[in-house]
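Worksheet: the structure to be examined is printed underneath.
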Amino acid sequence: MATAVHLEEITKRFPGVVANDDVDLEVERGTVHALLGENGAGKTTLMNVLYGLYEPTSGRVRLDDEVKSFDSPRDAIDAGVGMIHQHFMLVDPMTVTENITLGNEPRKWGGLAVDREAAREAVVELSARYGFDVDPDAPVEDVSVGEQQRVEILKALYRGADVLILDEPTAVLTPQEVEELFGVIEELTAQGKTIIFITHKLGEAMRAADEITVLRDGRNVGTVAADATTREELAELMVGREVLLDVDREPAQAGEVVASAADIVVEDERGVRAVDDVSFEVRAGEILGIAGVDGNGQAPLVEALTGIETPDAGEIRFLDEDVTSASRRERIASGMAYIPEDRQERGLVMDFGLIENALLGSQHSQEFGPGGRIDWPATREHAEAIIDEYDVRPPDPEAGAESLSGGNQQKFIVGREFERDPKLVVASHPTRGVDVGSIEFIHERLLELRRQGVAVLLVSSKLEEVQGLSDRLAVMYEGEFSGVVDPADTTEEELGLLMAGEQPDSVDERIDSGTEQTAAADSTGGEGA
Numbered sequence: 001m002a003t004a005v006h007l008e009e010i011t012k013r014f015p016g017v018v019a020n021d022d023v024d025l026e027v028e029r030g031t032v033h034a035l036l037g038e039n040g041a042g043k044t045t046l047m048n049v050l051y052g053l054y055e056p057t058s059g060r061v062r063l064d065d066e067v068k069s070f071d072s073p074r075d076a077i078d079a080g081v082g083m084i085h086q087h088f089m090l091v092d093p094m095t096v097t098e099n100i101t102l103g104n105e106p107r108k109w110g111g112l113a114v115d116r117e118a119a120r121e122a123v124v125e126l127s128a129r130y131g132f133d134v135d136p137d138a139p140v141e142d143v144s145v146g147e148q149q150r151v152e153i154l155k156a157l158y159r160g161a162d163v164l165i166l167d168e169p170t171a172v173l174t175p176q177e178v179e180e181l182f183g184v185i186e187e188l189t190a191q192g193k194t195i196i197f198i199t200h201k202l203g204e205a206m207r208a209a210d211e212i213t214v215l216r217d218g219r220n221v222g223t224v225a226a227d228a229t230t231r232e233e234l235a236e237l238m239v240g241r242e243v244l245l246d247v248d249r250e251p252a253q254a255g256e257v258v259a260s261a262a263d264i265v266v267e268d269e270r271g272v273r274a275v276d277d278v279s280f281e282v283r284a285g286e287i288l289g290i291a292g293v294d295g296n297g298q299a300p301l302v303e304a305l306t307g308i309e310t311p312d313a314g315e316i317r318f319l320d321e322d323v324t325s326a327s328r329r330e331r332i333a334s335g336m337a338y339i340p341e342d343r344q345e346r347g348l349v350m351d352f353g354l355i356e357n358a359l360l361g362s363q364h365s366q367e368f369g370p371g372g373r374i375d376w377p378a379t380r381e382h383a384e385a386i387i388d389e390y391d392v393r394p395p396d397p398e399a400g401a402e403s404l405s406g407g408n409q410q411k412f413i414v415g416r417e418f419e420r421d422p423k424l425v426v427a428s429h430p431t432r433g434v435d436v437g438s439i440e441f442i443h444e445r446l447l448e449l450r451r452q453g454v455a456v457l458l459v460s461s462k463l464e465e466v467q468g469l470s471d472r473l474a475v476m477y478e479g480e481f482s483g484v485v486d487p488a489d490t491t492e493e494e495l496g497l498l499m500a501g502e503q504p505d506s507v508d509e510r511i512d513s514g515t516e517q518t519a520a521a522d523s524t525g526g527e528g529a
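Residues in the sequence shown are numbered from 1 upward in steps of one, following UniProt numbering.
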């Protein structure tokens, strides 16, 4: 089979950092090649070299055995290379057609005007050719994340891409959308396209790819056939040591109620109930999981619990105090830590360095702000401790948050929140966008907090995560809990049905039993289900 891409001895240096170190990579035409590695391993940097965003310090880029030199992404696009970034680059108010053809619109009247009908026809034809289901007239802001990703892929195909680079393409997708993406990839390769798939997810690399190349510390440490390896072997290549992939969790020793929500209602901007009369308790020394497809009310529920929004009805109690109207600052001071779903919008100030970001939420504390003045040496020491303990790369407290990869941004936020000495941790998708070694570390820290008597509310769309970590698991559908179950006694298939709003007969009795146990425990002051 012919080689579509050959990166020869690519080295890319930044001041004080060697991001890629003499990397060689060959990708055969019409195949899917996964680029696997930890956060900061050099995966995206290497692909940015191929896409013309970076010029290599040394080495050569070959396409179809022809040496290419790219001064910009425009050169790479003209050579048939397209890149779909983790954070989409779409204009929300514009339609699907306008986004796909932007900058390359068909013209009429001697080039004086955009031929909108021709643009729409081109998008419809392109969508039909690759089996994409997109509405050419829909504003991008009104379509799902999975559909936005298809728009990005169509935009690259419209510009003539034969090689498509997908950077962490499943990071913001639901399980159903991930399966749809894999179907799209299969259709693209069947029509001769070549896919390079950047990921840190072992299962997805093995599911989607023909071959897998692993980068560690900027070097290529191995290329293997996807059907001739195991998750354990790949994890060891990535991290350089054996990794515990399955959670080892002892039974919970649940104590007093730390936080509770009673009949919580949150309405969206249209007055529709995004959270509809939800009640729950989370106790010291236990992990309460909330599973569900994104968009079923988890985010507004978490925002109400953490003080970002005030619920329209209901009561929230924390450490036996009514905090329904308390500010975010007051909740932090009382011992509530929060790992947000959107690290860039909610977790970091992207223009700040890590020292300033380490301070967020603690700037009024006596530890870092005695007498109303920031103790910058203490803050710097705090940032350095987070960087060291949570392996944030590059290990530079002066680095701007925007300069870190998404996974390293996530590790920094997790470190900051875990180090608050919390009584309650609200962890919303805590391992989204991080590598296998970091996932293992974050899971271990959550379980350690649980052993120390901290209450944990874990929200995740990863079923294996909430099943493996949770002592009790609530499933959310259309703003309500469709069931609260024992995760150890419930299958993925049953959880999937609950996530779709269906009530499997096999779990009806267990849900009813759990509800009765909760009521009994509440009436006696004992442990709840």
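Just so you know, even glycine gets a beta-carbon here, dropped at the ideal spot from N, CA and C. Note that the coordinates shown come from a computational prediction; the quantities given were computed from them, not determined experimentally.
C-alpha distance - residue i paired with residue j, whole-angstrom precision
| i | j | result |
| --- | --- | --- |
| E286 | V184 | 40 angstroms |
| V323 | E267 | 19 angstroms |
| E356 | Q148 | 33 angstroms |
| E281 | D263 | 12 angstroms |
| R329 | G372 | 15 angstroms |
| L215 | R62 | 20 angstroms |
| G30 | R231 | 24 angstroms |
| R331 | A261 | 15 angstroms |
| E187 | R432 | 27 angstroms |
| T515 | D294 | At T515 the pLDDT is 42, less than 50, meaning the model places this residue with poor confidence and gives no usable figure here. |
| H443 | G111 | 58 angstroms |
| G528 | D248 | The pLDDT assigned to G528 is 36, lower than 50, so where the model puts this residue is not dependable, and the model offers no usable value. |
| G16 | P394 | 9 angstroms |
| residue 547 | A118 | For residue 547 there is no data in the structure shown, the boundaries of the chain being 1 and 529. |
| G361 | Q86 | 28 angstroms |
| G526 | L498 | With a pLDDT of 37 at G526, under the threshold of 50, the modelled position of this residue cannot be trusted; read the value that follows with caution. Rounded to the nearest angstrom, the two C-alpha atoms are 28 angstroms apart. |
| A79 | D486 | 54 angstroms |
| E398 | I10 | 28 angstroms |
| G369 | L359 | 9 angstroms |
| E8 | D24 | 5 angstroms |
| G483 | L495 | 9 angstroms |
| A235 | F70 | 33 angstroms |
| E384 | P340 | 22 angstroms |
Buried versus exposed call for residue i [16 or more other C-beta atoms within 10 Å across all chains shown]
| i | result |
| --- | --- |
| A19 | buried |
| T101 | buried |
| A519 | Low local confidence applies: a pLDDT of 37 at A519 is under 50, so the model's placement there is unreliable, with the coordinate-based value given in what follows. By the neighbour-count rule (16 or more Cβ atoms within 10 Å), A519 is not buried but exposed. |
| V91 | exposed |
| F14 | exposed |
| H364 | exposed |
| S523 | With a pLDDT of 37 at S523, under the threshold of 50, the modelled position of this residue cannot be trusted, and the question is left open. |
| R450 | buried |
| P300 | buried |
| S325 | exposed |
| S144 | exposed |
| Q503 | exposed |
| M1 | exposed |
| K12 | buried |
| R150 | buried |
| Q176 | exposed |
| G271 | exposed |
Option in the options with minimal Cα separation from residue i
| i | options | result |
| --- | --- | --- |
| I153 | T199, F132 and V257 | F132 |
| E402 | I442, V27 and E345 | E345 |
| V140 | F88, A385 and E187 | F88 |
| E492 | K462, E478 and F418 | K462 |
| E303 | I290, Y338, S334 and G59 | Y338 |
| S72 | P136, A118, D276 and P56 | P56 |
| A208 | E179, G218 and F352 | E179 |
| V81 | E242, I290 and Y51 | Y51 |
Residue i Cβ short of 8 angstroms to the ligand ATP heavy atom set
| i | result |
| --- | --- |
| R472 | Among the components of this structure there are no ligands whatsoever, and the ligand ATP is therefore not found. |
Expected contact under 8 angstroms - CB spacing of residue i and residue j to nearest Å
| i | j | result |
| --- | --- | --- |
| A488 | L458 | The pair is not a contact, with the Cβ atoms about 15 angstroms apart (cut-off 8 angstroms). |
| A226 | A205 | 7 angstroms |
| M47 | Q298 | No, M47 and Q298 are not in contact; Cβ-Cβ is about 32 angstroms, not under 8 angstroms. |
| P136 | V123 | 5 angstroms |
| E38 | V239 | 7 angstroms |
| L173 | L181 | 6 angstroms |
| E440 | L244 | 6 angstroms |
| V67 | R60 | 5 angstroms |
Residue-level contact to chain C via CB, residue i, 9 angstroms cutoff
| i | result |
| --- | --- |
| G160 | No chain C is part of this structure, which consists of one protein chain only. |
- Message: Below 8 angstroms, how does it come out for the segment 376-396 and the segment 303-311: are there three or more Cβ pairs, yes or no?
- Response: no
- Query: If we count Cβ pairs, one from each stretch, closer than 8 angstroms, do we get three or more for the segment 183-202 versus the segment 431-448?
  - Reply: yes
- Touch check for the segment 419-426 and the segment 219-231: three-plus C-beta pairs under 8 angstroms? no
- Message: Whether or not the segment 188-199 and the segment 154-169 are in contact is what I'm after, with contact meaning three or more pairs of Cβ atoms, one per stretch, closer than 8 angstroms; do they touch?
- Response: yes
- For the segment 239-255 and the segment 461-476, state whether three or more C-beta atom pairs, one from each stretch, are separated by less than 8 angstroms. yes
- Message: Would you call the segment 404-414 in contact with the segment 345-354, where contact means no fewer than 3 C-beta pairs closer than 8 angstroms?
- Response: yes
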